[in-house]
Structures are given as structure tokens and as C-alpha cells.
Amino acid sequence: MGAERLAGQAGPGTAVVLSELVCTFGTTKALDGLSLEVAPGELLALLGPSGCGKTTALRILAGFQSATSGRVFVDGKDISSVPAQKRGMGMVFQSYSLFPNMTAVDNVAFGLRLRKVGSAERKRRAMALLEMVELAGWAGRYPHQLSGGQQQRVALARALAIEPRVLLLDEPLSALDAKVRLQLRDQIRALQRRLSITTVFVTHDQDEALSMADKVAVMKAGRLEQVGTPAELYGSPRTPFVAEFVGTMNRLPGRLTQGGRVEVLGRVLEVRGTLPAAGAEVDVLVRPEDLLLSEMPGASGIVSSVTFRGAQTRVEALVSADLSVKVDVPSASALRLVPGASVEVSLSPALETALVDARA
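With my numbering, the residue at position 303 of the sequence shown is 302, and numbering never jumps.
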């Protein structure tokens, strides 16, 4: 059993449905009618700013928190009143939550001990899981003898030891340094795919969500703003909030024209999403890669900063006294774009639609 059994049972996974969840704390409404579906074997990231309700939703799914109203279904069964210990879910927390007086192998085996698994069998299964997370050689060490990344991998192995139907991750990487965070998110994703275990991952980090998840659910003030694949959220955000939370956006002044279009930087684009009231002054939301820079003596734009980012270089240019834009250009083409250079800013010919927002 253990890791071998988990890997051997890779298959369709478990379906999860959150239906009309409302959760209030006094006068604060942490969740406001949240409905969400997680497909079997899918990794879904709950993404949003602090206080948006994502951790509350995870705790309700785990059974650690009761909803004011609404239901939780797992494989079609209503588990809203089922105690946490009987839901068959594995939880990994931000703070590791390992027992300091237990070795790594004993921490992993703890849930098995509670389930009355025999000593020899739980050690065998715990060791198999430590091998799966590449920590078999650290089995006898205590948490204080492990790095943060190693402790989080032990916590992950412990969550998997009970062979959970659903794996829940509550910002598990936020306490780690950047290099370890990148390594561990790749390991978690590879392991989740290998086991085909349905996983819900809470994060406020857009890079984590976009790089790890099959689907991302963006939340704001207890409500779902949009759910979709990382590519859908980045390329076709439905609201200004999603557009600016998932990646960098420029806000360019635009003018609505007849037929549901908007004029910006001398071009007329189709408007995607909700159209503001007629006559409203609007901002047009445009990604840095959808803008072009042309070096042009005497042009109104002035390069203010240049940041090398590998294959791409981020150039910030002051277009007018109150408008600065960020533009991503291939680094090989950015050699002459130095601070103080005069540039013309234009839209990429490939850009045909844009999201607009009424100006404040």
C-alpha cells in the first residue's frame, strides 16, 4: 500500500462541488454565494487578494469551518454535515504544522497511527511516501533539522499517507524562499498529475496559480469573478479586476465609438465584455506584450526605465505627464531603448479586441 497504492490507483479522481456557499462572521460576509466545481483529478487554484474568502472556502471544504448556508458535495454526496476526520481529505498548511518531537517518518505515519494501522505497515507506507517526495534519507530527522522546503515535503507526504480523496493546499509555498518555492511547486504539480488526485490550492500568487493549475478561480470579496484555464484568464479576462490581478495591465485613455467599439492610440477595437454607459470616459486595458515601441527622435514618449528579464525586456515609457506605460519587447530588440530615448507607442496589429473600464 502507501505510495505504490496511491500511484497504482491513478485514475478519474473525485468530483467536488461547492454550491451557493455563504459564510458570515458577525457583520462580515466572507463568502457571498460561492458556487464552484472541481473536475475529477483536476488541480484548481483559488486565487485572490487577502480577505477575499479563498481560505474560508477551503476550510469549509475540509470541514474545519461551517458555512452559514450552502452545500458541499463530493462525488455527488452531500458532505456538508460530515465531520472533518471522516471526509477523507488531506490538508497541507502554510506553516507546515509538523510535530516538533517526531521524526519525519513518524510525522508522515501519524494519520495512519490514528487509523489503527499496524506499526510495521505504517512505517513501510511512510517510508514509501518519503521516497516519493525524495526525502527517504531524512526519515530519522526532526523538523528543526530540516529546511523549510523539506518540512513542507514531509507535510505533503503526511497528507498523502491517509490516501485522501481530495488534497487541500493552503498557501503551502508562501513561507519559502523564491528558489525553493519554484522547485517545490514543480514537484507538487508532478506528484499531483502522477496520482491523479483532485486538488484545491489556495494562493494569492498569480505566478503559482498560472503555472500549477488546470483551472484557476479568481475571487473577490467572497464571490467568484471568473474561473477558467490559465490561458483563458490571462488572454480573455471578463472583468477589469481579473485582468489586473492576473498579470500586468496598462490603462490607456479611450473613447467609445458607435457600434460598441473603442478608439485608443489611433486604432478602433472591438470591446470585449461589458460596455460602459454611452458617453462614459473609459480606460482601455492592454497587456505589455500588446504594445509596440518605435525609437523615433522627437516623439512624445520618453523611456523612463529598462528592466532586463531574460528573453524579454520590460520598458517603461512616459507617454504624457500623467500616463506611463509598460511594454515588453524582445531583449534583442531593446538595445537602443535606453532611459531618455524618444519613442512612439502603438498597438500591436494582432490586437483586435480589448476590455474597457469606466474611468474613476
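Backbone N, C-alpha and C fix where the C-beta goes; we use that ideal spot for every residue, glycine too.
Spatial neighbours of residue i in its chain, beta-carbon cut-off 6 Å, leaving aside the 5 residues before and after
i    : result
C22  : A29, L30, T55, A66 and T67
L317 : I301, S303 and S323
V245 : Q205, L232 and Y233
I187 : none
F360 : In the structure displayed, the chain extends from 0 to 359; residue 360 sits before or after that span and is not available.
T306 : R313
M211 : R184 and R188
V326 : P287, L290, L292 and V314
L175 : G147 and G148
E36  : V16
D213 : E41 and L42
Q191 : L42 and T198
G272 : R237 and L354
When the options are compared against residue i, the one with the closest alpha-carbon
i    : options                   : result
S330 : P338, K219 and Q311       : Q311
A38  : I301, V179 and V15        : V15
V261 : R140, R184, M248 and L350 : L350
V73  : P163, P252, V104 and S210 : P163
L128 : R114, Y141, D105 and L113 : D105
V314 : G297, A320 and A333       : A333
S18  : L172, G69 and R193        : G69
V215 : F200, A154 and S96        : F200
V328 : S319, M295 and S347       : S347
F24  : G139, L42, T13 and G52    : G52
P171 : T202, L190 and I59        : T202
G221 : L42, G12, T13 and L57     : L57
E288 : S299, M248, L181 and G258 : M248
L336 : L291, T352, M88 and G147  : L291
G258 : V270, G110 and P252       : V270
T197 : A154, M90, T27 and L113   : M90
L113 : L167, R157, Y95 and R254  : R157
M88  : A44, L166 and E343        : L166
L46  : K76, V81 and V226         : V226
L20  : I59, G50, K115 and G265   : I59
G75  : G12, Y95, G117 and G50    : G12
P236 : S49, P48, A279 and A353   : A353
E294 : E343, A154 and R152       : E343
G50  : T27, G32, E243 and A44    : T27
R358 : G253, G265 and S299       : G253
I161 : K178, K115 and Q151       : K115
Element boundaries [alpha helix (DSSP H), containing residue i]
i    : result
R152 : G147 to A160
I301 : Note, I301: premise wrong, no alpha helix (DSSP H); beta strand (DSSP E) at G300 to R308.
L60  : K53 to A61
N-terminal and C-terminal residue of the beta strand (DSSP E) that residue i is part of
i    : result
R286 : That residue, R286, is in no beta strand (DSSP E); it is neither H nor E in DSSP.
D31  : T27 to V37
E224 : R222 to G227
R313 : Q311 to S319
T352 : T352 to A357
Beta-bridge pairing of residue i - partner residues as DSSP gives them
i    : result
V337 : Its beta-bridge partners do not exist; DSSP assigns none.
V261 : L255 and L268
K214 : L43
F72  : V16 and D77
F244 : In the DSSP output, where bridge partners are listed per residue, F244 has none listed.
L166 : G89 and T198
D282 : P252 and D356
V328 : T312
K178 : Its beta-bridge partners do not exist; DSSP assigns none.
V344 : L292
T23  : K28
L322 : S319
K219 : R222
Cut-off 8 Å between Cβ atoms - residues of its own chain near residue i, not counting five sequence neighbours on either side
i    : result
D356 : P239, R250, P275, V281, D282 and L284
G10  : With a pLDDT of 49 at G10, under the threshold of 50, the predicted position of this residue should be treated as unreliable, though the coordinate-derived value follows. Cβ within range, chain order: G40 and S195.
G309 : S330
A143 : It is His, not Ala, that sits at residue 143 in the sequence shown. The residues are P99.
A2   : Bear in mind that a pLDDT of 48 at A2, under 50, signals an unreliable position, so the number given afterwards is only what the model happens to contain. Excluding residues within five positions, the ones whose Cβ falls inside 8 Å are R124, A127, L128, E130, M131 and L159.
I78  : G62, V71, F72 and R86
G139 : T102, A103 and V104
G339 : I301 and V302
Cβ neighbours of residue i in the same chain (closer than 7 Å, five flanking residues each side left out)
i    : result
F63  : A83
T256 : E262 and V267
Q149 : L134 and W137
K122 : V104 and A108
E360 : Lying outside 0 to 359, the shown extent of the chain, residue 360 is not represented and no answer is given.
R180 : L172
P296 : S341
S96  : A154
Open item on the list: Could you tell me which whole beta strand (DSSP E) segments of length 3 or greater appear in the stretch 77–119?
Closed with: 88–91
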